[in-house]
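Counting in UniProt numbering, the sequence shown runs from 1 upward without gaps. All residues carry an ideal CB built from backbone N, CA and C; glycine is no exception. Accompanying notes for the structure given below.
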Amino acid sequence: MQQPLDDKYSNNYSEKSLWEKFKKFSKKAGKKVIYCALLLYYVLQKPEVPVKVRLTIIGALGYFITPIDAIPDIIPMVGFTDDFGALGVALTTAAMYVDDDVKQKAKNKLRDWFGNYDDSELEEVNDKID
């Protein structure tokens, strides 16, 4: 039986590692992947989120941080596909905790890093949580 992400990758998560990954790979990963990770990060900051959901988020963010995973991040065009999938599963689990404030914080940070963008670029992610 395969080990769940939250068990296998949670020890790779730290806030410092996450922000370093954002800094180094945000442009390469793209808006959708970074938006997912930011949504999860901001949900994790909410005190009312239960432990099980926290562990799922930490596991997914730990997987995102890990450079060697199912599809290594250095592979052009597809390197973050598996990360997007793992983040998406965690986001589905955490969807009930994604409120307008969490979305706005994530979008503001995206604008800081990517400049202005069309919100329709995030539809695929928002469909998972709406």
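Within the same chain, and ignoring the five residues on either side of S14 in sequence, no residue has its Cβ closer than 6 Å to its Cβ.
The residue among P47, E121 and D83 with its C-alpha nearest the C-alpha of Y97 is P47.
With distances taken between CA atoms, W19 lies nearest to L61 out of L61, G85, D83 and N108.
By the Cβ neighbour-count rule, D83 is buried, with 16 or more other Cβ atoms within 10 Å of its own.
Residue nearest to D101 within the set W113, Y41 and F25 is Y41 (criterion: CA-CA distance). Residue A86 holds the alpha-carbon nearest to the alpha-carbon of K128 among A86, L44 and K23.
For Q45, there is no enclosing alpha helix (DSSP H), as DSSP marks it with neither H nor E.
C-alpha of G115 to C-alpha of K24: approximately 17 Å in a straight line. Assigned with DSSP and collapsed to three states, D83 falls in helix.
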